[in-house]
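Right, one structure below, let's go through it.
Number of protein chains: 2
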Amino acid sequence: MTVDDRPYHHGRLREALLDAAWRSVREHGAEQLSLRELAREVGVSHAAPRRHFPDRQALLDALAIAGFERMDVELRTAVAGAGADYRDRLVAATRAYFRFAVDDPALLELMYTGKHRPGADAVVAAVAAPLGLLEAMLAEGRERGELGDGDPERIGVLMFATVHGLAAMVKGRMVDREVAGGLVDDAVVRFLTGGVPSAAGAPGAADAQGAAGGALWTCPRP
Amino acid sequence: MTVDDRPYHHGRLREALLDAAWRSVREHGAEQLSLRELAREVGVSHAAPRRHFPDRQALLDALAIAGFERMDVELRTAVAGAGADYRDRLVAATRAYFRFAVDDPALLELMYTGKHRPGADAVVAAVAAPLGLLEAMLAEGRERGELGDGDPERIGVLMFATVHGLAAMVKGRMVDREVAGGLVDDAVVRFLTGGVPSAAGAPGAADAQGAAGGALWTCPRP
DNA sequence: ACCTGAACACCGTTCAAGT
DNA sequence: ACCTGAACACCGTTCAAGT
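What follows is the structure in structure tokens.
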């Protein structure tokens, strides 16, 4: 894995630590992350990380910031690749958020818990980029007359809450990923068309429900 | 605070530990909880908790179970005190969940992370009670014809996602509690009437928005 | 400039021993 | 039956010292 006998003496330690930390958080959650284990994994003394991250929280903050940056890239890439139609691009954005949240739930949690910790200004600043995309898309929808009589800000908050909440339910094993994904698509379309998200059968959601035909909830009920 | 010189030798240790743990989690989160500090606080040796909780996780699980039980009580109390009208009772239930989630976010997180950990059967079982209430209320709504043409199961999942998501946004300081609470009421009513939750002005939500008049989001944007 | 090694104060867990 | 005290292996953080 290493090029020579002293692999991390030349400025790659910071990146190597972030890389190992990301894998550790992804697999075991931020709570389990151990600086000493990270240092061992990377082949460096336990005090070495201190040069790059003053303490454990600083490393977690850096990870959270990188997470928001990656989220922003993924959202914008998804929107750019969705073609010209406004609704397609909005669906692509919400799908990308849902996918990010479901694929890496521990990172998302780290991002939000890091954000509302006092003194984490850099983390708070990092959230502005992806949030700016949502705002821009809703402003565009308003201009295009795609939002009906709805208030763009209310639509934005409720859309975020719905997608975020459905992702949380998938994380908590209350609904299957595919079912929740179908509900995301459904909800977004209906937020635009003015229908209620709860009615059956939306453009792209039929197949997600279809064959299974049974219960939506996956948790045991009385 | 104590009756005599040996205050916790007679079976009250378990309750005292859970009580201290609940306060600690509520204030600093589950991650920060220290068994040794708890034992110190309660006035007992650091090994004493072991008689009642085999390890740290067992104490957290007991706390999660107690959390679901308390949630169930609060939901049912709220519904019972809301009068006879179906919609009032449904709004009362969602308000109670929102209130629980916003008032004690660290406990809620502990409850859900504890739930989807392998081997936590007792925690999984405890979630059935409050979820049963939601299911019963939607079944009643269907019988009463209050759900329009919507599928009760889809309405249930989406309502849960919306309320849970809005509570998460309050926790993350993305929206104010009052604004989110107004959106909860609004969304529930519109899930029933068949309107879209995003449109402006719902029965009980006007005042929550009103005076402030400004932005719904409370986080910095570009 | 970047990393090491020893030291300090904490932690969860275990286990023989006390009452 | 319930609790104590010592022990073990970990942890984050600090700091003088090495290259």
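Protein sequence lines, in the order shown, are assigned to chains A and B.
With our numbering, the residue at position 66 of the first sequence is 66, and numbering never jumps.
With our numbering, the residue at position 203 of the second sequence is 203, and numbering never jumps.
We put the beta carbon where it would ideally sit given N, CA and C, even for glycine.
Only a predicted model underlies this, so the values are computations on that prediction, with no experimental measurement involved.
Reference A139(A), options R173(A), D186(A) and L90(A), closest by Cα: L90(A)
Partners in chain B for F53(A), counting only beta-carbon separations shorter than 9 Å: Those do not exist, as F53(A) stays about 18 Å from chain B at its closest Cβ, beyond 9 Å.
Completely contained alpha helix (DSSP H) runs for the region 7 to 81 of chain A, where each covers 4 or more residues: 13 to 28, 35 to 42 and 56 to 80
Amino acids of chain A, ordered along the chain, whose beta-carbon sits closer than 8 Å to that of R173(B): K115 and H116
Chain-ordered neighbours of Y86(A) on chain B, where CB pairs are closer than 7 Å: The contacting residues do not exist; Y86(A) stays about 16 Å from chain B at best.
Cβ-Cβ distance between A64(A) and L110(A) below 8 Å: yes
Any C-beta of chain A under 8 Å from that of F160(B): yes
7 Å CB neighbourhood of S45(A) in its chain, flanking five on each side removed: A39
Rounded C-alpha distance that separates K115(A) from V123(A): 5 Å
From A161(B), L134(B), R142(B) and A180(B), residue whose alpha carbon lies closest to that of T193(B): R142(B)
Segment contact, 8 Å Cβ cut-off, at least three pairs: the region 79 to 89 of chain A with the region 172 to 185 of chain A: no
Contact set between G43(A) and chain B, taken where Cβ atoms lie within less than 8 Å: Within 8 Å Cβ-Cβ: nothing; G43(A) doesn't reach chain B, min ~28 Å.
Three or more C-beta pairs below 8 Å linking the region 98 to 108 of chain B and the region 43 to 58 of chain B: no
Neighbour flag for C219(B) against chain A, beta carbons, 8 Å: yes
Proximal chain A residues relative to A168(B), where beta-carbon distance stays under 8 Å: Y112, A161, H164, G165 and A168
The region 102 to 109 of chain A / the region 148 to 161 of chain A touching (three or more Cβ pairs under 8 Å): no
Chain B contacts made by the region 21 to 34 of chain A, where a contact means CB separation under 9 Å: G29, A30 and E31
Rounded straight-line distance, which links the Cα of D61(A) to that of P49(A): 14 Å
Local conformation of W217(B) per DSSP, three classes: strand
Rounded distance between the beta-carbons of G156(B) and L183(B), thought under 8 Å: No, L183(B) and G156(B) are not in contact; Cβ-Cβ is about 18 Å, not under 8 Å.
Complete runs of the alpha helix (DSSP H) confined to the region 139 to 196 of chain B [at least 4 residues]: 152 to 171 and 177 to 193
Length of the line joining the Cα atoms of A16(A) and V179(A): 37 Å
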